[in-house]
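Here is the structure we will look at, set down as structure tokens.
In structure tokens form, the structure reads like this:
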């Protein structure tokens, strides 16, 4: 220490003629002079630069308007596709392993893969979650009619599925009457709307308003924003909020993430990952990562031919289970499709 200041900061030539920006973790409204950084760091900088000179500069990196990290190149896309696809494959494996009597722990083993570091808590939950404060999979075993929640995420993307452990429509109606018609079907139609209306150059506030008109928040109870950017961390930031001037750009990696919360019903989720890419970025992926491009094209064909979803050319599926949802989670013969 030099006086009340850490020596290393006293020896550093910090230009205090204007402002000193501190970069934290998340964008939080009204935090121009507040910081999601350890207080001992903030206090040390206050003694060197002056409290009135410190500003929150997190938006320089993750601000959806022009943050340095909100768009990625072909090399970054290739690395992130690995994580997004890994999460997707793991969730599909977990869904295929759902049988009466299976434990949450067994689901956890299917979800966590290849020694890769998770960037959110892995969820393998049957029945009501957070019983006795448990966040992680337990030895709880699946009973027919249970709520089911499966989630895993790695750098590059999260995949999740939620619903009920049933085999047909009659069983589903028996545990949550009206769930299929009032929750699942509108969600899937909104999911289709999201995928087919997102485009480069679209203003975030306009997309928010259009999505809210199609799938009203007041009716379906989704919170925060309808989708967000992802990267090393699962939630980077989002251009989709009321009045947003942020523009959807090539190189933005998105989570299709909106979860209804409707009184008397369980929620539903089929979260997955897409990349927005203009002709230049698509060509870079084709040339530098041809195997990745083949996977993207294969996923696009599956969505079109099997699920009835025609993706816009600039929307690239980064995961094999994008838009794949089984309404009866003990029956792998049924998935929702769009009727064209």
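In the UniProt record's numbering, the protein residues as written are 1 to 340.
Glycine included, every Cβ here is placed at the ideal spot set by N, Cα and C.
How is residue i classed by DSSP in three states: helix, strand or coil?
{"i": "residue 1", "result": "Low confidence applies to residue 1: its pLDDT is 47, below 50, so where it sits in the model is not reliable enough to give any reading."}
{"i": "residue 34", "result": "coil"}
{"i": "residue 248", "result": "coil"}
{"i": "residue 15", "result": "coil"}
{"i": "residue 21", "result": "strand"}
{"i": "residue 253", "result": "strand"}
{"i": "residue 223", "result": "coil"}
{"i": "residue 327", "result": "coil"}
{"i": "residue 336", "result": "coil"}
{"i": "residue 27", "result": "coil"}
{"i": "residue 229", "result": "strand"}
{"i": "residue 236", "result": "coil"}
{"i": "residue 243", "result": "coil"}
{"i": "residue 201", "result": "coil"}
{"i": "residue 176", "result": "coil"}
{"i": "residue 65", "result": "coil"}
Just to confirm, is the Cβ distance from residue i to residue j under 9 Å?
{"i": "residue 48", "j": "residue 160", "result": "no"}
{"i": "residue 299", "j": "residue 317", "result": "yes"}
{"i": "residue 190", "j": "residue 258", "result": "yes"}
{"i": "residue 137", "j": "residue 105", "result": "yes"}
{"i": "residue 62", "j": "residue 229", "result": "yes"}
{"i": "residue 246", "j": "residue 201", "result": "no"}
{"i": "residue 253", "j": "residue 156", "result": "yes"}
{"i": "residue 54", "j": "residue 33", "result": "yes"}
{"i": "residue 196", "j": "residue 153", "result": "no"}
{"i": "residue 268", "j": "residue 143", "result": "no"}
{"i": "residue 266", "j": "residue 162", "result": "yes"}
{"i": "residue 95", "j": "residue 332", "result": "yes"}
{"i": "residue 127", "j": "residue 150", "result": "no"}
{"i": "residue 23", "j": "residue 57", "result": "yes"}
{"i": "residue 277", "j": "residue 314", "result": "yes"}
{"i": "residue 308", "j": "residue 337", "result": "yes"}
{"i": "residue 234", "j": "residue 158", "result": "yes"}
{"i": "residue 173", "j": "residue 100", "result": "no"}
{"i": "residue 237", "j": "residue 26", "result": "yes"}
{"i": "residue 221", "j": "residue 256", "result": "no"}
{"i": "residue 207", "j": "residue 148", "result": "no"}
{"i": "residue 293", "j": "residue 304", "result": "no"}
Starting from residue i and walking both ways along the beta strand (DSSP E), at which residues does that stretch end?
{"i": "residue 316", "result": "315-317"}
{"i": "residue 45", "result": "No beta strand (DSSP E) holds residue 45; the alpha helix (DSSP H) holding it covers 39-49."}
{"i": "residue 56", "result": "54-56"}
Residue range of the alpha helix (DSSP H) that residue i falls in?
{"i": "residue 188", "result": "185-197"}
{"i": "residue 204", "result": "204-214"}
{"i": "residue 70", "result": "Here residue 70 belongs to no alpha helix (DSSP H), and DSSP marks it neither H nor E."}
{"i": "residue 59", "result": "59-62"}
If we define contact as Cβ-Cβ less than 9 Å, is residue i a contact residue for chain B?
{"i": "residue 36", "result": "Judged by its chain identifiers, the structure shown contains no chain B, having just a single protein chain."}
Compare the C-alpha of residue i against each of the options and name the closest.
{"i": "residue 43", "options": "69, 70, 9 and 30", "result": "9"}
{"i": "residue 250", "options": "271, 203 and 292", "result": "203"}
{"i": "residue 270", "options": "323, 216 and 86", "result": "323"}
{"i": "residue 231", "options": "100, 208, 83 and 288", "result": "83"}
{"i": "residue 306", "options": "51, 297, 335 and 279", "result": "335"}
{"i": "residue 19", "options": "52, 97, 141 and 140", "result": "52"}
**OP:** Go through the segment 98-174 residue by residue and report every complete run of the beta strand (DSSP E) that reaches 3 residues or more, in order.
**Re:** 123-126, 147-154 and 157-164
Subject >> Minimum length 4: unbroken alpha helix (DSSP H) runs contained in the segment 257-325 >> reply: 279-288 and 290-305
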